[in-house]
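Participant: Mind looking over this structure? Questions follow.
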Amino acid sequence: NEITKEVGTYLKKVGYNPKAVAFVPISGFHGDNMLEPSTNMAWFKGWAVERKEGNASGKTLFEALDSILPPKRATDSALRLPLQDVYKIGGIGTVPVGRVETGILKPGMVVTFAPPMLTTEVKSVEMHHESLTEAAPGDNVGFNVKNVSVKDIKRGNVAGDSKNDPPKGAANFTAQVIVLNHPGEIHAGYAPVLDCHTAHIACKFAELVQKIDRRSGKVMEENPKMVKSNDACIAKLIPSKPMCVESFSQYQPLGRFAVR
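In this note's numbering, the protein residues as written are 92 to 351.
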């Protein structure tokens, strides 16, 4: 109960409904409550989750995992594929690797890599050493590209369809920031490292535009001098070098970030 209460409080703090999360006591070492209900936890009556898509209940971790609803994938949006790595493979050439976040990737497609804004053709697409006719959101793939050196593109770059809203590097952007835990105050000029999709770039808080209520989004103060733990604000950020970031309403996976 103590763990459920503490973790539940934290989940609520970061925006999740604890009632929609299954809490399952397990022992990986002994296998308790992993696949079969444990005989060593008479006190545990089972887990239950409440959600608008339908409630669920059970006793084991396996059942809890099985009850998770798969997310709706954005196949209708334009292609966005953040690169996790780039390899040079003998006899094949340059092979960028990453997960399709939105849209579809197909062999023969002409793609643009941003921020370097390099355009090239996709020769082939593979997942788990098998050729694909197309890759959809959620697929981790490697794809072979023409006339691009391994030095030209890198982790953090984003591939998109050249003919359909190709990605671009942003010189600055406005974001909603929730401060979960920070030892001091955050003022304009603060320059932490941001993790946005696979990019890892220092960004400066150029301007604190508004302090807002983290739950309702209501404006509490214009041009605040500073923000601290548990505050939320709208801020203008300037990356130290161009960075691919998108509006959350259009491309959710590229519209969120964590500050370290």
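The beta-carbon is built from N, C-alpha and C at its ideal position, and this holds for glycine as well.
Which full runs of the beta strand (DSSP E) of 3+ residues lie inside the stretch 240–269, going along the chain?
Facilitator: The qualifying runs are 249–252, 264–269.
Participant: Under three-state DSSP, which class holds Y281?
Facilitator: Within the sequence shown, residue 281 is the residue found at index 190, counting from 1. The answer is coil: DSSP assigns Y281 none of H, G, I, E or B.
Participant: In angstroms with no decimal places, state the Cα-to-Cα distance between Y281 and L152.
Facilitator: Numbered from 1 along the sequence shown, position 190 holds the residue referred to as residue 281. Numbered from 1 along the sequence shown, position 61 holds the residue referred to as residue 152. The alpha-carbon atoms of Y281 and L152 are separated by roughly 42 Å.
Participant: Note down, one range per segment and in chain order, each alpha helix (DSSP H) of at least 4 residues found wholly within the stretch 101–168.
Facilitator: Those alpha helix (DSSP H) runs which fall completely within the stretch 101–168 and span 4+ residues are 152–157.
Participant: Quick check on K163: buried or exposed, where buried means 16 or more other Cβ atoms within 10 Å of its Cβ?
Facilitator: For the purposes of this step, residue 163 is identified with residue 72 of the sequence shown, where counting begins at 1. When all chains shown are included, K163 counts as exposed.
Participant: Skipping 5 residues on each side, what residues in its chain have a beta carbon closer than 6 Å to that of V140?
Facilitator: For the purposes of this step, residue 140 is taken as residue 49 along the sequence shown, with counting starting at 1. These residues qualify, in order along the chain: A111, A113, A147.
Participant: Does the beta-carbon of N124 have 16 or more other beta-carbons within 10 angstroms, so that it is buried, or is it exposed?
Facilitator: Taking the sequence shown and counting its residues from 1, the one referred to as residue 124 is at position 33. By the neighbour-count rule (16 or more Cβ atoms within 10 Å), N124 is buried.
Participant: Report buried or exposed for N92, applying the criterion of at least 16 other Cβ atoms within 10 angstroms of its Cβ.
Facilitator: Position 1 of the sequence shown, counting from 1, holds the residue named residue 92. Exposed: under 16 other Cβ atoms inside 10 Å.
Participant: Assign P161 to buried or exposed, taking buried as 16 or more other Cβ atoms, counted over all protein chains shown, within 10 Å of its Cβ.
Facilitator: What you label residue 161 is simply residue 70 of the sequence shown in a count that begins at 1. Label assigned to P161: exposed.
Participant: Beta-carbon within less than 6 Å of G247's beta-carbon, same chain only, minus the 5 sequence neighbours each way: which residues are those?
Facilitator: For this step, residue 247 is matched to residue 156 along the sequence shown. Hits under 6 Å: T289, A290.
Participant: At what residues does the beta strand (DSSP E) containing E298 begin and finish?
Facilitator: Here residue 298 is taken as the residue at index 207 of the sequence shown, counted from 1. Start and end: 290–303.
Participant: Which residues does DSSP list as the beta-bridge partners of R171?
Facilitator: Here residue 171 refers to the residue found at position 80 when the sequence shown is read from its first residue. DSSP, once it has assigned bridges, lists T193 as partnering R171.
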